[in-house]
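K.L.:
Taken in sequence, the protein lines are chains D and V. Position 11, counted from 1, in the first sequence is what the working numbering calls 11; the numbers after and before it change by one each time, with no gaps. Position 67, counted from 1, in the second sequence is what the working numbering calls 67; the numbers after and before it change by one each time, with no gaps. Built from N, CA and C at the ideal position, the CB exists for glycine as well. Below is one structure. I have some questions about it.
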Amino acid sequence: MESARVAPDRWKSVSLSARIGGKRVGIQYCVESQKEIKLAVPEVFNTIEQTALSTWLRESTSVFGFYFILLFHTFGMALVVGASAVVDLRVLGIASALPLKPLKRLFAIMWVGLAINVTTGLFLLTAYPTKALTNPDFYVKLTFIGLAVFTMRRMNIQVFADTSLSEMAMIAKGKTMAAWSLVFWIGAVSAGRLLSETSKYILYGHLWGS
Amino acid sequence: MNFAHLHLLLNHFPIIGTIVGLGLFLVSFLGKNDDLRRGSYIIFAAIALISIPTFLTGFGAQVMIKGPGVSDALIQRHEGSALLSLWFMEATGALALIGLWQSQRTSHLARWNVSAVLVFSLLTAALMARTGNTGGDIRHPEDRPGVAATTTDGSVTEGTLGSIVRAFEPTPEKFSEAVTFSKWWWTFMMILHFLGLIMIVGTVGLLDLRIMGFMKQLPIGPVHRFLPWAMAGLGVNIVTGLLAFIGLPDNYIYSGVFWLKMLSLLLLGLNAAVFYLTDIFAGVESLGAGEDAPMSAKLIAASSLFLWFAVITFGRYIQPLGDTLRPGAN
Numbered sequence: 001m002e003s004a005r006v007a008p009d010r011w012k013s014v015s016l017s018a019r020i021g022g023k024r025v026g027i028q029y030c031v032e033s034q035k036e037i038k039l040a041v042p043e044v045f046n047t048i049e050q051t052a053l054s055t056w057l058r059e060s061t062s063v064f065g066f067y068f069i070l071l072f073h074t075f076g077m078a079l080v081v082g083a084s085a086v087v088d089l090r091v092l093g094i095a096s097a098l099p100l101k102p103l104k105r106l107f108a109i110m111w112v113g114l115a116i117n118v119t120t121g122l123f124l125l126t127a128y129p130t131k132a133l134t135n136p137d138f139y140v141k142l143t144f145i146g147l148a149v150f151t152m153r154r155m156n157i158q159v160f161a162d163t164s165l166s167e168m169a170m171i172a173k174g175k176t177m178a179a180w181s182l183v184f185w186i187g188a189v190s191a192g193r194l195l196s197e198t199s200k201y202i203l204y205g206h207l208w209g210s
Numbered sequence: 001m002n003f004a005h006l007h008l009l010l011n012h013f014p015i016i017g018t019i020v021g022l023g024l025f026l027v028s029f030l031g032k033n034d035d036l037r038r039g040s041y042i043i044f045a046a047i048a049l050i051s052i053p054t055f056l057t058g059f060g061a062q063v064m065i066k067g068p069g070v071s072d073a074l075i076q077r078h079e080g081s082a083l084l085s086l087w088f089m090e091a092t093g094a095l096a097l098i099g100l101w102q103s104q105r106t107s108h109l110a111r112w113n114v115s116a117v118l119v120f121s122l123l124t125a126a127l128m129a130r131t132g133n134t135g136g137d138i139r140h141p142e143d144r145p146g147v148a149a150t151t152t153d154g155s156v157t158e159g160t161l162g163s164i165v166r167a168f169e170p171t172p173e174k175f176s177e178a179v180t181f182s183k184w185w186w187t188f189m190m191i192l193h194f195l196g197l198i199m200i201v202g203t204v205g206l207l208d209l210r211i212m213g214f215m216k217q218l219p220i221g222p223v224h225r226f227l228p229w230a231m232a233g234l235g236v237n238i239v240t241g242l243l244a245f246i247g248l249p250d251n252y253i254y255s256g257v258f259w260l261k262m263l264s265l266l267l268l269g270l271n272a273a274v275f276y277l278t279d280i281f282a283g284v285e286s287l288g289a290g291e292d293a294p295m296s297a298k299l300i301a302a303s304s305l306f307l308w309f310a311v312i313t314f315g316r317y318i319q320p321l322g323d324t325l326r327p328g329a330n
C-alpha cells in the first residue's frame, strides 16, 4: 500500500479518534513527521469517494439511492443462494421424489443472481471503498463467495452437464460438493451481515463514530 | 385509524379465536371427528399469524396512550402477559402446522401431536384470557375491583392465581435488554433472519415458478415436499423478527414500511389459506411433468412470489425509512 499525504485539518480528526480508540487502530495509523501525515490507506480510495457517483450513492436521500442498490443486492442473494440451497438439499436427499436432472435449469437463476450481486456489489464498493477494503471481514466474505461460486460451477459442469450420469451417480458425485456449497454460502451471508459491525472506517480518514 | 384503534380491533381475534379453536378441538375428542380436529388446527395456525400484528400494534398503542391517567404498571403487566401468551400461541400454531403436514402422509393426526396441541392450546387459552383481562384493566381499572388494583405507589396487586402466572411473565425491559445486550448477539439474529429468508424464497419461489409454468419438467407434488424447509425458515424469522422488535421497538413502530411488511405477511397468510383450503392445492399437487396448472393456481403462485419480494423490499427500507410515522418527523 502506498502512503498518502493528508491535509492537516483532516489529520486532527484522525489522530483524535485514533487516540480514543488506542494508539494504533486497524491498518490506518497516523505518523507525525513535519506536519505531514502518512496513512496506510491508499489515496485511490479517497479519489473514488470524491467522485460524483460515490457521493451521490452515499448522500442521496432518494429511495433509489444507496438502499435501492442494497435491496437488489438482497434480491440477488435470495436468487443465487436460494437456488443453490434447493439444489444442495435435493442432492443431500431432501424431497427425494423430485427428479434431479430438471433442476439444471436452476443454475440459470443462480448465475443471474450472481450477476446482479457482482454489479450491485461494485456500486456498494464505489460508495464506501475505504469502509469495505480496510475491513478484513470483507476479504473473508469474498473468499467464501469465491469458494461457493467455484463449487457451484463444479456442480454445474461435473454433475448436471454430464447427461450420461444416472440420478444415483449424480448424487454420489455431488454429495460432498452440496454440503460444502451450503457451508460456503452460510459463511458468505454471515460475513456479509458482519461487515457493518466489523468495519473500522466509514470513509477515508474517518474512523467509525468520528 | 391509529395504533390504539387497530390494536382494539385485532385483539379480539387471538382471544376469541383461541377459545373457538380450543372448543372445536375438545369437541373433536367426543366423536373422534378428524375433520373437526383439522379445522381446529387450521384455526390455531391462523390465530398464531394474526396474534403477531395484534402484539405489534400493542406497542404502538402503548406509545399513544401513555400519559396522565394511565397506569404504567398496568401497561407493563399487560405487555408481560401478552408476550408470554404470544410465545405459547406461536408454539401452538407451529405444532398444529407440523401435525397437519405429517397427517398428509399418514392420513391421521399423530398421537404425540394431538397431546402436545392439547397442552399448548389449553395453556394458550388461559394466558390469552389473562392478556385480555390485563389489557382491559389499563383503561377500565374500576371495572374489576379485587382482580387487580394499582396501589398508591403504582405497583400492581394480584390475586393468588395472578401472582403465580406473573412469576413467569417477562418484564418487558429485561426482555429488551436480553435481546440488545450485545451487538454480536444482534448480528447473529440478523444472520439467522437472512438465512431464513433464503430458505423461504428458495423453496417457495421454486414451487411458485413451477406452478406459474416455468420448469415444467418438474412434477408439482415432489416440489411441494420442500415446504417444511420454508416453514422452518418462516419459524426462524418469526422468532428472530419478534425478538428484534421487542429489543428495539422504536426502530419499527414509527416506520411505515415496517407495517407494510407486516401487511404483506398477513396477505401471504390469506394467499396460503386460499391455496390450501380450496381445491386449488389438491388440483395442482397431482400434476406431473409437463402438465399445466389452472389459471387460479397460477394467480396464487404469482401473488405469493410478488408478496415475498415485497416483504424483502419493505424490510430493507425499515432502516432508512424508520421515522416516517413519528409525530413531527415530517
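Spell out the partners DSSP gives L203 (chain D) in its beta bridges.
P.N.:
Stepping through the first sequence from its first residue, residue 203 (chain D) is reached at position 203. DSSP output for L203 (chain D) lists D:H206 as bridge partner(s).
K.L.:
So, is E173 (chain V) buried or exposed, given that buried needs 16 or more other C-beta atoms within 10 angstroms?
P.N.:
Working through the second sequence from its first residue, we reach residue 173 (chain V) at position 173. Exposed, by the Cβ-count rule.
K.L.:
Does Y317 (chain V) have its Cβ less than 8 Å from a Cβ in chain D?
P.N.:
For this step, residue 317 (chain V) is matched to residue 317 along the second sequence. With 8 Å as the cut-off, Y317 (chain V) counts as an interface residue toward chain D.
K.L.:
Could you spell out the range, first to last residue, of the alpha helix (DSSP H) harbouring Q76 (chain V)?
P.N.:
Reading the second sequence from its first residue, position 76 is the one you call residue 76 (chain V). Run containing Q76 (chain V): D72 to T106, per the alpha helix (DSSP H) assignment.
K.L.:
What did DSSP end up calling E169 (chain V) once you bin it into helix, strand or coil?
P.N.:
Locating residue 169 (chain V) in the second sequence gives position 169, counting from the first residue. Three-state DSSP puts E169 (chain V) in coil, outside helix and strand.
K.L.:
Nearest chain V C-beta to A127 (chain D) closer than 8 Å, yes or no?
P.N.:
Taking the first residue of the first sequence as 1, we reach residue 127 (chain D) at position 127. It does not; no Cβ of chain V falls within 8 Å.
K.L.:
Taking the beta carbon of P327 (chain V) as the centre, do at least 16 other beta carbons fall within 10 Å, making it buried, or is it exposed?
P.N.:
Here the question's residue 327 (chain V) lines up with position 327 in the second sequence. Label assigned to P327 (chain V): exposed.
K.L.:
Of all the residues that make up the region 167-195 of chain V, which are near chain D by a beta-carbon distance shorter than 8 Å?
P.N.:
Answer set for the region 167-195 of chain V: K183, W184, T187, M190, I191, F194 and L195.
K.L.:
Smallest Cα separation from V114 (chain V): which of V:I15, V:F25 and V:A61?
P.N.:
In the second sequence, counting from the first residue as 1, residue 114 (chain V) sits at position 114. Cα-wise, what sits closest to V114 (chain V) is V:F25.
K.L.:
Given that R225 (chain V) touches chain C, what residues does it touch there, using C-beta distances under 9 Å?
P.N.:
The structure shown contains no chain C; its protein chains are D and V.
K.L.:
Alpha carbon to alpha carbon, how far is L123 (chain V) from R38 (chain V)? Give it in angstroms, no decimals.
P.N.:
In the second sequence, residue 38 (chain V) corresponds to position 38, counting from 1. In the second sequence, residue 123 (chain V) corresponds to position 123, counting from 1. When rounded, the distance between both Cα atoms is 19 Å.
K.L.:
Keeping to the same chain, check which residues put their C-beta closer than 8 Å to that of I246 (chain V); ignore five residues upstream and five downstream.
P.N.:
Here the question's residue 246 (chain V) lines up with position 246 in the second sequence. These residues qualify, in order along the chain: L83, P172, F175, S176 and V179.
K.L.:
Can you list, in chain order, the residues of its chain whose CB lies under 8 Å from that of V20 (chain V), leaving out five sequence neighbours each side?
P.N.:
Taking the second sequence and counting its residues from 1, the one referred to as residue 20 (chain V) is at position 20. Within the same chain, V20 (chain V) has close Cβ partners I43.
K.L.:
For V214 (chain D) and chain V, any beta-carbon pair shorter than 8 Å?
P.N.:
Outside the displayed range of chain D (1 to 210) lies residue 214 (chain D), so it cannot be described from this structure.
K.L.:
Below 8 Å on the Cβ atoms is my contact criterion, and I expect G135 (chain V) with H78 (chain V) to pass it. Report the Cβ-Cβ distance as a whole number of Å.
P.N.:
Taking the second sequence and counting its residues from 1, one reaches residue 135 (chain V) at position 135. Taking the second sequence and counting its residues from 1, one reaches residue 78 (chain V) at position 78. Their Cβ separation, rounded to whole angstroms, is 5 Å, which keeps G135 (chain V) and H78 (chain V) in contact under 8 Å.
K.L.:
For Y67 (chain D), go through chain V and note every residue whose CB falls closer than 7 Å to its CB, in chain order.
P.N.:
As a first step, residue 67 (chain D) is located in the first sequence; it is residue number 67 there, counting from the start. Under the 7 Å cutoff, chain V gives R316, Y317 and P320.
K.L.:
With distance defined between alpha-carbon atoms, name the residue in V:F55, V:L22 and V:I15 nearest to I253 (chain V).
P.N.:
Here residue 253 (chain V) is taken as the residue at index 253 of the second sequence, counted from 1. The shortest C-alpha separation from I253 (chain V) is found at V:F55.
K.L.:
For a contact defined as C-beta to C-beta under 8 Å, what are the partners of M231 (chain V) on chain D?
P.N.:
Translated into positions along the second sequence, residue 231 (chain V) becomes position 231. None at all; the shortest Cβ gap to chain D is about 13 Å.
K.L.:
Pair every Cβ in the region 75-95 of chain D with every Cβ in the region 191-208 of chain V, then say whether three or more of these pairs are closer than 8 Å.
P.N.:
Yes, since at least three Cβ pairs between the region 75-95 of chain D and the region 191-208 of chain V fall closer than 8 Å, the two stretches touch.
K.L.:
In chain order, what residues of the same chain lie with their CB nearer than 7 Å to the CB of F138 (chain D), ignoring the 5 residues before and after it?
P.N.:
To locate residue 138 (chain D), count along the first sequence from 1; it is residue 138. The answer, listed in chain order, is A132 and L195.
K.L.:
Give the range of the alpha helix (DSSP H) segment to which M215 (chain V) is assigned.
P.N.:
As a first step, residue 215 (chain V) must be located in the second sequence, where it is residue number 215. Note, M215 (chain V): premise wrong, no alpha helix (DSSP H); not H, not E.
K.L.:
Can you look up E291 (chain V) in the DSSP assignment and give me helix, strand or coil?
P.N.:
Within the second sequence, numbered from 1, the residue matching residue 291 (chain V) stands at position 291. Coil.
K.L.:
Applying a beta-carbon distance threshold of less than 9 Å, which residues of chain V neighbour E197 (chain D)?
P.N.:
Sequence index remark: in the first sequence, residue 197 (chain D) carries index 197 (1-based). Here the neighbours are K183, W184, W186 and T187.
K.L.:
Decide if P99 (chain D) is buried, meaning its Cβ has at least 16 other Cβ atoms within 10 Å, or exposed.
P.N.:
Taking the first sequence and counting its residues from 1, the one referred to as residue 99 (chain D) is at position 99. Answer is exposed; the Cβ neighbour count stays below 16.
K.L.:
Let me see if you follow: with CB-CB separation under 8 Å, is G288 (chain V) close to chain D or not?
P.N.:
Numbered from 1 along the second sequence, position 288 holds the residue referred to as residue 288 (chain V). Not one chain D Cβ lies under 8 Å of G288 (chain V).
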